[in-house]
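S.K.: Sharing a structure below in structure tokens format, with a few things to ask.
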Amino acid sequence: MDEDAAPRRVRADAERSTARILEAAENVLATDESASLERIADAAGLARATVHRRFSSRTALLDALAAQLAARYVQGLADAHTDTAPPVAAMLRMTETVFTLKIAHRFAVQLSASVTPEVLEGLDRLFVRLRDAGAIAAADPTWGRRVYLALLHEVNDLPADSPVLPAGRDEVAARAELLVTTVLRALGGTGI
Numbered sequence: 001m002d003e004d005a006a007p008r009r010v011r012a013d014a015e016r017s018t019a020r021i022l023e024a025a026e027n028v029l030a031t032d033e034s035a036s037l038e039r040i041a042d043a044a045g046l047a048r049a050t051v052h053r054r055f056s057s058r059t060a061l062l063d064a065l066a067a068q069l070a071a072r073y074v075q076g077l078a079d080a081h082t083d084t085a086p087p088v089a090a091m092l093r094m095t096e097t098v099f100t101l102k103i104a105h106r107f108a109v110q111l112s113a114s115v116t117p118e119v120l121e122g123l124d125r126l127f128v129r130l131r132d133a134g135a136i137a138a139a140d141p142t143w144g145r146r147v148y149l150a151l152l153h154e155v156n157d158l159p160a161d162s163p164v165l166p167a168g169r170d171e172v173a174a175r176a177e178l179l180v181t182t183v184l185r186a187l188g189g190t191g192i
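First residue of the sequence shown: 1, per the UniProt record's numbering; consecutive thereafter.
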């Protein structure tokens, strides 16, 4: 039985180390995009060799950050019930999740690899539902998704005190409301 316990312990240790590396990488790279793996190892409180054992290169580390964020986007789509909830409500919930992720993971959101085919397909299904429910008039759901993603970056880049953000709301809710209303109106809907 002790033989079975050892591999689990090593695996748990490796998982904790990987999580620490990814968290440290996110924090360090948010302030210095060119930070070295050594600096990330220091921030994680681990030896550089440990970082290299987990990630063979800087590219592998960036790929892991993108994959982690993509998984969170997919989970956000599921949590917002984009396939079953009323489509406008689902879009608003999903958008709040996206802005929460964007605020918490400022570096990783710049990684285009985090927008995977699975994320794009989930968004396309949502835009089909929005069209079918009459919330948008745009015939092509892919166009709706592209408008949404383009405006998402623009709304994310607004300063917190921007006069276009709805007043009296927390940052995430204000950004989500502005984005959803703008996209729905741009695509022939009436907004929220």
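Here a beta-carbon is modelled for each residue, glycine too, at the ideal position from N, C-alpha and C.
Are the region 82-92 and the region 51-64 touching by the rule of at least three beta carbon pairs closer than 8 Å?
M.R.: Too few Cβ pairs lie closer than 8 Å, so no.
S.K.: Looking at the secondary structure, which residues open and close the alpha helix (DSSP H) in which Thr100 lies?
M.R.: Residue numbering aside, residue 100 sits at position 100 when the sequence shown is read from its first letter. From DSSP, the alpha helix (DSSP H) with Thr100 extends over Pro87 to Ala104.
S.K.: From Met1 to Arg16, what does the alpha carbon distance come to, in whole angstroms?
M.R.: The residue labelled residue 1 in the question sits at position 1 within the sequence shown. The residue labelled residue 16 in the question sits at position 16 within the sequence shown. With a pLDDT of only 48 at Met1, under the threshold of 50, the placement of this residue in the model should not be trusted; the figure read from the coordinates follows. About 23 Å.
S.K.: Starting from Asp79, follow the alpha helix (DSSP H) in both directions and report where the run begins and ends.
M.R.: Within the sequence shown, the letter at position 79 stands for residue 79. Asp79 -> alpha helix (DSSP H) spans Arg58 to Asp79.
S.K.: For Ala137, does the count of other Cβ atoms within 10 angstroms reach 16, so buried, or fall short, so exposed?
M.R.: On the sequence shown, position 137 is the one that residue 137 refers to. When all chains shown are included, Ala137 counts as exposed.
S.K.: Less than 8 Å between C-beta atoms, sequence neighbours within five positions excluded: which residues of the same chain meet that for Thr142?
M.R.: To locate residue 142, count along the sequence shown from 1; it is residue 142. Taken in chain order, the residues that qualify are Asp124 and Phe127.
S.K.: From which residue to which residue does the alpha helix (DSSP H) around Gly144 run?
M.R.: On the sequence shown, position 144 is the one that residue 144 refers to. Pro141 to Asp157 is the extent of the alpha helix (DSSP H) around Gly144.
S.K.: With DSSP run on the structure shown, which of helix, strand or coil describes Met1?
M.R.: Residue mapping note: residue 1 aligns to position 1 of the sequence shown, counting from 1. Low local confidence applies: a pLDDT of 48 at Met1 is under 50, so the model's placement there is unreliable, with the coordinate-based value given in what follows. Coil.
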